[in-house]
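**Q** Under the numbering used here, the residues of the sequence shown are numbered 119 to 302, in order.
Glycine residues also receive a C-beta, built at the ideal position from the N, C-alpha and C atoms.
Just passing along the structure, written as structure tokens.
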Amino acid sequence: MNTAAKFALLAGLTFAGATFALGQQHPQQEHPPTSAQVVVLDECDPTTFNAVLGPDFCKNVALGEFTTFDDLFAKAAAGTPDPGWDFEPDELKIKEGTPLSVVDQGGEPHTFTEVAKFGGGFVTGLNAPGEDTVPECSTGFSNLAVAKTRILQGSTIQIADLKKGKHRFQCCIHPWMRMQVEVK
Ligand SMILES: [Cu+2]
119 MNTAAKFALL AGLTFAGATF ALGQQHPQQE HPPTSAQVVV LDECDPTTFN AVLGPDFCKN
179 VALGEFTTFD DLFAKAAAGT PDPGWDFEPD ELKIKEGTPL SVVDQGGEPH TFTEVAKFGG
239 GFVTGLNAPG EDTVPECSTG FSNLAVAKTR ILQGSTIQIA DLKKGKHRFQ CCIHPWMRMQ
299 VEVK
């Protein structure tokens with residue numbers, strides 16, 4: 119090998135080495151904002167719920183702890199709704215830009231609907247005594263705006279771009295499922 123070829127080879131190696139070192143020193147890592155998670159829970163009893171609402175409406179995998187269809191309505195009508203139907207946590211503080219990730223780990227569908235003021239849902243039999251349906255839940259799933267906030271069991275919805283301030287979310291079916299998100 120002549121001197122020129124040696125020099126070219128050496129330059130090439132040096133260049134490759136420099137590139138490698140540069141790549142190590144300046145990794146191009148993206149840091150997407152971490153999402154804040156909300157878990158949706160319920161204890162629907164597959165036997166009694168599906169007898170009324172059809173097969174596969176309730177697909178609960180929780181063992182025991184089930185609430186029957188009639189009991190759920192009875193408790194709501196008495197003003198003591200079943201606490202097993204819940205959004206967790208009840209309050210969340212996030213920084214602006216952080217997406218909310220809402221996962222339905224219960225056995226039936228729910229909605230995660232932003233409301234100006236907490237109130238009743240569209241299934242009047244599940245509302246607290248004297249509580250009216252809030253406008254954001256009115257007419258149920260025939261209202262596209264309500265249908266868009268539905269979360270099926272086992273699925274997750276993402277909510278991005280929440281503006282600074284307080285946001286209230288409730289389920290339009292089981293209106294005692296409520297939470298507040300404060301965006302800083
Ligand atoms: Cu619900």
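#1: How would you write the range of the beta strand (DSSP E) that Asp222 sits in, first residue to last?
#2: My understanding is that Val220 touches Phe230, with C-beta atoms under 8 angstroms, so please give their C-beta distance in whole angstroms.
#3: What does the Cβ neighbour count give for Leu140, buried or exposed, with the cut at 16 atoms within 10 Å?
#4: Excluding the 5 residues preceding and the 5 following Lys282 in the sequence, name in chain order all residues of the same chain whose CB lies nearer than 6 angstroms to its CB.
#5: I'd like the span of the alpha helix (DSSP H) that includes Val170, first residue to last.
#6: Any residues whose CB sits closer than 7 angstroms to a heavy atom of ligand 1? List them in chain order?
#7: Please report the distance separating the alpha-carbon of Lys193 from that of Leu262.
#8: Under 7 angstroms, do Trp203 and Met297 count as touching if we go by C-beta distance?
#9: Taking the alpha-carbon positions, what's the His144 to Ser153 distance?
#10: The alpha helix (DSSP H) spanning Phe193 covers which residue range?
#11: Alpha carbon to alpha carbon, how far is Thr251 from Thr257?
#12: Hey, is the region 237-246 in contact with the region 167-176, meaning 3+ C-beta pairs nearer than 8 angstroms?
#13: Just list the alpha helix (DSSP H) runs in the region 218-290, keeping only unbroken ones of 4 residues or longer that don't cross its boundaries, in chain order.
#14: Thinking C-alpha only, which one of Ile275, Ser273, Gln271, Asp163 is nearest Phe191?
**A** A quick look at the data gives this:
#1: 218-222
#2: Rounded, the Cβ-Cβ distance is 5 angstroms, consistent with contact.
#3: Here Leu140 scores only 44 on pLDDT, less than 50, and its place in the model is too uncertain to base an answer on.
#4: Excluding residues within five positions, the ones whose Cβ falls inside 6 angstroms are Glu214, Val301.
#5: 164-171
#6: Asp160, Trp203, His228, Thr229, Cys289, Ile291, His292, Met295
#7: 29 angstroms
#8: no
#9: Residue confidence is low: His144 scores 48 on pLDDT, short of 50, so the model does not pin down where it sits. Its coordinate-derived value is still stated next. The straight-line gap from Cα to Cα measures roughly 26 angstroms.
#10: In the sequence as displayed, the identity of residue 193 is Lys instead of Phe. 187-195 is the span of the alpha helix (DSSP H), which, as asked, contains Lys193.
#11: Rounded to whole angstroms, Thr251 to Thr257 spans 9 angstroms at the Cα level.
#12: no
#13: 262-265
#14: Asp163
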